[in-house]
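S.K.:
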Amino acid sequence: MTSSLLVLNGPNLNTLGLRQPEIYGHDTLADVEARARAAADAVGLTADCRQTNHEGEAIDWLHAARGQVAGIVINPGGWTHTSVALADALVIPEVPIIEVHLSNVYARESFRHVSYVSPIAAAVISGCGIDGYEFAVRRLARLIA
Ligand code: DQA
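Residue numbering for the sequence shown follows numbering that gives the first Met the number 0, starting at 0 and increasing by one per position.
Now the structure itself:
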C-alpha cells in the first residue's frame, strides 16, 4: 500500500498571491504545497504536489496515479465548473478524492455553484483558504487508515 497522496492544483493556481488576493489571499502556490507536505508528513504520508494549466497534462497525471497514490487532494480551479473529462479521469485511480477551493464558491457567481467533481468526491472543502489543503490531507489520512 502506497503512502503517497497526489495534491493537484489546476489552472491559474500558479498565480496565487498575485491573483485577486482579496478572494484567494496572499499565500503563494509554494505556501500551499509546503502546507500540504507538512500536513502529510505529520500523519506519516508523503504529498506529491503538482500544478498545471493544461487539462490534458492533469488527465495524464491522473492516469499515471493509478496504483501509485492512496488518495487525491484536488483544487480543479475553473475546470471544476466545466470539465467532464477531468471528472472522468479522477475516478481512474480508484482512491478517495477531496475537492478543495480556497474561496467559498457558494458565496460567488452562480456558475461556480456547479461542480463536476463534487459527485465523485469524498468531501468538499470550500472557503477555508490554505487551511483547506491541510484539512483535506488529514481527512484523507483517516479515510485510508
Ligand atoms: C477556486 C474557485 C474556482 O471557481 C476558480 O475558478 C479558481 C479557484 C478556488 O480555489 O477558490 O480558479 O477553485
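Each residue gets a CB set at the ideal place from its N, CA and C atoms; glycine is no exception.
Keep in mind it's a predicted model, so treat the numbers as computed, not measured.
Going by the C-beta, is V136 closer than 7 Å to any heavy atom of ligand 1?
M.R.: The answer is no for V136.
S.K.: CA-CA distance, A88 and H62?
M.R.: Each residue's Cα considered, the two are about 7 Å apart.
S.K.: Could you compute how far the alpha carbon of Y105 sits from the alpha carbon of L4?
M.R.: Distance between the alpha carbons of Y105 and L4 is about 27 Å.
S.K.: Have a look at T27, S109, I22 and A38 and flag the residue whose alpha-carbon is nearest the alpha-carbon of N8.
M.R.: Checking every option, the nearest Cα to that of N8 belongs to T27.
S.K.: What would DSSP say about G165, mapped onto helix, strand or coil?
M.R.: The requested residue 165 is not part of the displayed model; the chain covers only 0 to 144.
S.K.: Taking a contact to mean a Cβ-Cβ separation below 8 Å, would you say I97 touches A120 in this structure?
M.R.: Cβ distance < 8 Å, so I97 and A120 count as in contact.
S.K.: Any heavy atom of ligand 1 within a distance shorter than 7 Å of the CB on R111?
M.R.: Yes, ligand 1 has a heavy atom inside 7 Å of this Cβ.
S.K.: With DSSP run on the structure shown, which of helix, strand or coil describes L15?
M.R.: Three-state DSSP puts L15 in coil, outside helix and strand.
S.K.: Should S102 be listed as close to ligand 1, given that the test is whether its C-beta is under 7 Å from any heavy atom?
M.R.: True, at least one ligand heavy atom lies under 7 Å from that Cβ.
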